[in-house]
Structures are given as C-alpha cells and as structure tokens.
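Novice: Okay, handing you the structure first.
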Amino acid sequence: MSRVLLGVNIDHIATVRNARGGRFPCPVEAALVAEANGADGITAHLREDRRHIRDDDIRRLKAEIGTRLNFEMAVTDEMVELACDVKPAYVCLVPEKREELTTEGGLDVIGQFDRVKSATQRLMAEGIEVSLFIDPQTDQLTASRDAGASTVELHTGSYAEGREGIEVLADAMRVGTNLGLVMNAGHGLDLGNVGAVATLPAMHELNIGYAIVARALWIGFGPAVAEMKAAIESAVQASNLRP
Ligand code: PXP
Numbered sequence: 003m004s005r006v007l008l009g010v011n012i013d014h015i016a017t018v019r020n021a022r023g024g025r026f027p028c029p030v031e032a033a034l035v036a037e038a039n040g041a042d043g044i045t046a047h048l049r050e051d052r053r054h055i056r057d058d059d060i061r062r063l064k065a066e067i068g069t070r071l072n073f074e075m076a077v078t079d080e081m082v083e084l085a086c087d088v089k090p091a092y093v094c095l096v097p098e099k100r101e102e103l104t105t106e107g108g109l110d111v112i113g114q115f116d117r118v119k120s121a122t123q124r125l126m127a128e129g130i131e132v133s134l135f136i137d138p139q140t141d142q143l144t145a146s147r148d149a150g151a152s153t154v155e156l157h158t159g160s161y162a163e164g165r166e167g168i169e170v171l172a173d174a175m176r177v178g179t180n181l182g183l184v185m186n187a188g189h190g191l192d193l194g195n196v197g198a199v200a201t202l203p204a205m206h207e208l209n210i211g212y213a214i215v216a217r218a219l220w221i222g223f224g225p226a227v228a229e230m231k232a233a234i235e236s237a238v239q240a241s242n243l244r245p
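Each number in my numbering corresponds to the 1-based position in the sequence shown with 2 added.
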C-alpha cells in the first residue's frame, strides 16, 4: 500500500491557550511546528461555541501554513459562509452538539440529507473538497456519495474505545472504496491503535489531535508529531513486507 497521510489536529493547543485567554501557546505556531515534523496537513475545528479554535485562527492558518487546511465545521449557514470566504483546501462536515466534550458520533447524512447535500454543493462550487465525518456504516457511506462528497472520514472512536473491532472499519473501507470515495479516518487514535487503522487497504489520511498534544507534554510537540508519523510509516512498511 502507498503512503498514508497524517493530518494533525491542533484544536487542543487552542484549548490550552484559551485556559488563560491569552495568546500562547499559539495554534498557528503549532501548525508550523507540525509541518516541520512531517504533518501532511493541518486540521482545525471551529466549534459553534468557539471553545478552542477561533475565527481568526482559521484565517491565519489558511494564510500561514504551507500544507493544506482541513477546516472541520458543523453544517450551519454561518459556517458554510465562513468557509466560502476563507476557502480552505478541505472542509470536513461534522455533527455538533454544544454539550458534548468532543465529536461523539458521525454525521447523520441520511437524516439531514438535503442540508448536507446543499452545503456540499455550495462548498464544492468554491473549489473546496468536502469530506463527511461518518460512522463506518454502509448506508451512511452510500448517502455520502449521493450527497456529492468526494471523501469521507470514518469515525474511529468506537474502535479506539474497544466497542467495535477493526473489521467494522475494514468493511467500511471496502464499501467506500467501491463507491469511489477517498477514505480518511480519525478520532481517538494513538500510538497503540494507529497501526491497524493505517494499514487498512486504501486508507488515505488519518486525522489525529488529542494523543499528539497529550504526548507533547512529555516529549515536545514536534517530536510527538514525528513519532506519530513514524508509527504510521512503520506500520505501513511492515504490512507491505507481509506476503
Ligand atoms: N477527525 C475529526 C472529524 C474530529 O472531529 C476529531 C476530533 O476533533 C479528530 C479527527 C481528532 O480526534 P482526536 O483528537 O481524538 O485525535
């Protein structure tokens, strides 16, 4: 299999910054450090309550990073307008509940089909690639394709928490690939569980944040990004050597 890309999610650099309401640690600086240490892209989620990333972070990330910005956002008119203005390379549409600690499940593309389809079309008309963050389920994959998305990101939270086996993700990878979708994955991935996900056939990109930021407390942010990148690469190389 070919190289699997690493998108580094820098939301929790902003969480630490916002704890004191000041200017550091700066998520844009973190993005540049991540890129210098092997990140293939930068992911940031502008939540409706602005609890970590803020509007000006998104604009500065777009202007200052050298790779590409994956802007995670809810399917709301406000966010769609902002994305059309900023024009990131990618938008990842995610579900959002204000009271949740993190994105707890995938987007219900079937249940909100018209809204997701019209946001996808609007964003794609601006030249933005659209990815839908969904649970690894056949009906959600089919609806994502029907909504016009080129890419999906499989929610790996259930796998990471041991509630679902890797075969659920493997099945979804097969279905999605057959539908012609580009297949990404993320949520809850860490050094211990990333290898099995990285080596699923046709995996394109993994988006990882929390485990890298937590690990950075002990070894530094740049080394934590490089370590995750090396873990992905060595798992992929080992699987290529297997008969
Ligand atoms: N991908 C998406 C769509 C997410 O919402 C998140 C969490 O914000 C991640 C990836 C990264 O998850 P984690 O921080 O658990 O690595």
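All C-beta atoms in this analysis are idealised placements derived from N, C-alpha and C, irrespective of residue type, glycine included.
Only a predicted model underlies this, so the values are computations on that prediction, with no experimental measurement involved.
Per the DSSP calculation, serine 1 is bridged to which residue(s)?
Specialist: With the chain represented from 3 up to 245, any question about residue 1 goes unanswered, as that position is not in the structure.
Novice: Does the beta carbon of leucine 171 fall short of 8 Å from some heavy atom of ligand 1?
Specialist: Not under cutoff, so the answer is no.
Novice: Given a cut-off of 9 Å on the beta-carbon distance, is the pair lysine 89 and glycine 129 in contact?
Specialist: Cβ atoms of lysine 89 and glycine 129: closer than 9 Å.
Novice: State buried or exposed for isoleucine 214, treating a residue as buried only when at least 16 other CB atoms are found within 10 Å of its CB.
Specialist: The residue in question, isoleucine 214, is buried, as its Cβ has 16 or more Cβ neighbours within 10 Å.
Novice: Starting from glutamate 74, trace the alpha helix (DSSP H) both ways and give me its first and last residue.
Specialist: Per DSSP, glutamate 74 belongs to no alpha helix (DSSP H); it is in the beta strand (DSSP E), 71 to 75.
Novice: Taking buried to mean at least 16 other C-beta atoms within 10 Å of its own C-beta, is glutamine 142 buried or exposed?
Specialist: Buried.
Novice: Let me check understanding here. Comparing Cα to Cα, which of Glu74, Leu95, Ala33 and Thr201 lies closest to glutamate 66?
Specialist: Per the Cα distances, Ala33.
Novice: Among the residues of its own chain, which have a CB less than 6 Å from the CB of leucine 48, if the five just before and after it don't count?
Specialist: Around leucine 48: Ile55, Ile60 and Met75.
Novice: Any heavy atom of ligand 1 within a distance shorter than 8 Å of the CB on glycine 195?
Specialist: Checking the sequence, you will find asparagine at residue 195 rather than glycine. The answer is no for asparagine 195.
Novice: For glutamate 128, which of helix, strand or coil comes out of DSSP?
Specialist: The answer is coil: DSSP assigns glutamate 128 none of H, G, I, E or B.
Novice: Pull up the CB-CB distance for threonine 158 and histidine 206, whole angstroms please, since I reckon it's below 8 Å.
Specialist: The pair is not a contact, with the Cβ atoms about 14 Å apart (cut-off 8 Å).
Novice: Are three or more beta carbon pairs between the region 180 to 189 and the region 216 to 227 nearer than 8 Å?
Specialist: Verdict: no, contact absent.
Novice: Would you say alanine 200 and alanine 226 are within 9 Å of each other, going by their C-beta atoms?
Specialist: No, they are not a contact pair.
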